[in-house]
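Given below as structure tokens:
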């Protein structure tokens, strides 16, 4: 019996999540495509938008499980995008990725504006995967 429960626990931990739609907002084609391929390799259906306006329109047409916004040039712009996204669909977890920032901006993005998580570039792929997987648990 112990072998069965060990096998079950091991497989539950190592199994990839079922494919879910991720909306990736990234203004840069090359970095956006690279991040899209990385996230897709984890078993997600990733839709890349290189302009935030079509991304926001996409939210009203479909229902992405998570939004990753790397499109902003500054942390302040990222906060503006988050506010607009929240006005459209407040239940979707939003992960912000900013070029640079301060701990104050991260706290504001999470506490005041409702970001699920905040990263500074460059993002560690392992940490992003953990945060992405955890964000889907809360749906």
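Residue numbers (my numbering): 477 to 615.
Each residue gets a CB set at the ideal place from its N, CA and C atoms; glycine is no exception.
None of the values given here were measured: they were computed from a predicted structure.
Open item on the list: If I follow the unbroken beta strand (DSSP E) through residue 545, where does it start and stop?
Closed with: Per DSSP, the continuous beta strand (DSSP E) segment holding residue 545 begins and ends at 542-545.
Task: alpha helix (DSSP H) runs wholly inside the stretch 575-613, at least 4 long, in chain order - done: You should have 579-583, 601-613.
- [ ] Quick one: using the 10 Å Cβ neighbour count with 16 as the cut-off for buried, is residue 578 buried or exposed?
- [x] The residue is exposed, with fewer than 16 neighbouring Cβ atoms inside 10 Å.
Task: C-alpha distance - residue 536 paired with residue 522, whole-angstrom precision - done: C-alpha of residue 536 to C-alpha of residue 522: approximately 17 Å in a straight line.
Task: Contact set for residue 503: own chain, Cβ-Cβ below 7 Å, skip 5 residues either direction - done: Around residue 503: 526, 547.
Open item on the list: In the DSSP assignment, the alpha helix (DSSP H) including residue 506 goes from what residue to what residue?
Closed with: If you look at residue 506, you'll find it in the alpha helix (DSSP H) that goes 505-516.
TODO: Can you tell me which of the three DSSP states residue 526 falls into?
DONE: Coil.
Task: For residue 513 and residue 586, the rounded distance between their alpha carbons - done: Cα-Cα distance, rounded: 27 Å.
Task: Under the three-state DSSP convention, the category residue 559 falls into - done: If DSSP states are grouped into helix, strand and coil, residue 559 belongs with the helices.
Task: When 539, 605, 582, 606 are compared against residue 596, the one with the closest alpha-carbon - done: The shortest C-alpha separation from residue 596 is found at 582.
Open item on the list: Taking the alpha-carbon of residue 573 as reference, which of 505, 518, 567, 591 has the nearest alpha-carbon?
Closed with: Selected option, being the one with the closest Cα: 591.
- [ ] Measuring alpha carbon to alpha carbon, tell me which of 598, 542, 580 ends up nearest residue 607.
- [x] The option with the nearest alpha carbon to residue 607 is 542.
Task: For residue 568, three-class secondary structure by DSSP - done: In this structure, residue 568 counts as coil in the three-state DSSP scheme.
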